[in-house]
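So the structure is just underneath, and the comments pick up after that.
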Amino acid sequence: QHILAKLTGLVSLAVSVSLEVGNLPLEALRLQELGRSVTNGQLLDYRSDISDLGEHYPVLAKEFDSLRQDLDSPLPALDSVDISINQLKFAEASTIRRRNQAAKGFENILLQIRQKPGFQNFLLAQSEAELLSAAQGGPIVLLNVTALRSDAILVTTTNVTSIGLPKLSYALLHKYSDIKFDNNELMREFLAWLWKGAVLPVLQELGFYPKIVNPLPRIWWIGVGLMAKVPVHAA
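Numbered per mature numbering (1 follows the signal peptide of the UniProt record, and there is no 0), the sequence shown spans residues -19 to -1, 1 to 216.
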């Protein structure tokens, strides 16, 4: 849990760095999606993909799984304490050679799989079209705040864009996240800050404010890092 907590902060920082260096919001979104998969323990959870592959191309699936196991297997233990330096170097070199061969084989089998109909995106991040289709039920808003910058990534059915949120201070977010809200006045202060710094600029960018849309649109709010604990819906 401690390692995953560190990783969550790393994902948030990666999103900020991606936007800071001028990458498209789509690329930052893909980084976040990859990070989310890692923190949910799903990066190597390819069971659905491999099941489909096994059904259509069982030989490729078997070879893929064999190479994956070679790469995932632990290094062999050296039982004898009397092993010589030369023997150790030989064992090391042999292990590295086998790992390199397995890695090359793994890359090759992935290329073969992705050439098959229906498996072009095997174990790859979602395509832009797939990400846009996720917004069919309403815009998706990803909120990300780090010491580097604060942003909202907006996903609609037509594109992925981003806006800066300069009023959403990382220092203040840290301050509020450490506070126990045992009185309504303090909670109202926090929610007002969230409204001004995050919710209002997003609604304005989407064209949902000040014009009131009827019926009210649905928005899916996703917080990254510290923002995952913030009551954006209440704001």
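Glycine included, each C-beta is placed from N, C-alpha and C at the ideal position. As the structure is a computational prediction, the values presented were derived from the model and not from experiment.
Would you grab the beta carbon distance between residue i and residue j for me? Rounded to a whole angstrom, and I think it's under 8 Å.
i              : j                : result
alanine 115    : valine 136       : 7 Å
tryptophan 202 : valine 122       : 5 Å
isoleucine 94  : phenylalanine 87 : The pair is not a contact, with the Cβ atoms about 11 Å apart (cut-off 8 Å).
serine 158     : proline 147      : Contact flag wrong, Cβ pair sits at about 19 Å.
leucine 5      : threonine 127    : 19 Å between Cβ atoms; not a contact.
valine -9      : leucine 129      : Not really, about 13 Å apart at Cβ, beyond 8 Å.
Name the residue from the options whose alpha carbon lies nearest to the alpha carbon of residue i.
i             : options                            : result
proline 98    : Ala173, Gln185, Arg49 and His37    : His37
alanine 133   : Ala173, Asn165 and Ile200          : Ile200
leucine 7     : Val213, Leu207 and Thr139          : Thr139
leucine -1    : Val141, Glu166, Lys156 and Pro212  : Val141
glutamine 50  : Asn195, Asp33 and Arg79            : Arg79
leucine 48    : Lys85, Val180 and Pro39            : Lys85
glycine 3     : Ala173, Leu105 and Gly145          : Gly145
isoleucine 77 : Leu52, Glu166 and Met208           : Leu52
leucine 207   : Ala215, Pro39 and Ser150           : Ser150
valine 180    : Gly(-11), Ala216, Ser32 and Ser108 : Ala216
How is the alpha helix (DSSP H) around residue i delimited, first residue to last?
i           : result
valine 205  : Element bounds for valine 205: not the alpha helix (DSSP H) but the beta strand (DSSP E), 201 to 205.
serine 114  : 109 to 114
alanine 216 : Element bounds for alanine 216: n/a, residue is neither H nor E.
alanine 173 : 165 to 175
alanine 152 : 151 to 158
residue 225 : The shown model of the chain, from -19 to 216, leaves out residue 225, and the question about it has no answer.
For residue i, I'd like the list of residues in its chain whose CB is within less than 7 Å of its CB, leaving aside the five on either flank, ordered along the chain.
i              : result
valine -5      : Ala9, Leu12, Gln13, Asn125 and Val205
proline 198    : Gly119 and Phe189
glutamate 186  : Leu135 and Ile144
serine 108     : Asn102
glutamine 96   : none
isoleucine 160 : Leu167
glycine 178    : Leu146, Lys148 and Leu149
Might you give, ordered along the chain, the residues of its own chain that have their beta carbon closer than 8 Å to the beta carbon of residue i, omitting 5 neighbours on each side?
i            : result
glutamine 82 : none
leucine 113  : Val136, Thr137, Thr138, Thr139, Asn140 and Val141
glycine 155  : Sequence check: residue 155 is histidine here, not glycine. Excluding sequence neighbours, histidine 155 sits near Leu207.
Keeping to the same chain, check which residues put their C-beta closer than 6 Å to that of residue i; ignore five residues upstream and five downstream.
i                 : result
glycine 35        : Ala42
phenylalanine 45  : Ile90
leucine 184       : Tyr190
valine 213        : Trp202
phenylalanine 171 : Tyr157
valine 211        : Gly204
leucine 153       : none
glycine -11       : Gly206
Provide the residue span of the beta strand (DSSP E) that contains residue i, from first to last.
i             : result
valine 122    : 121 to 126
threonine 142 : 141 to 145
From the DSSP output, which residues share a beta bridge with residue i?
i              : result
isoleucine 134 : Leu123 and Ser143
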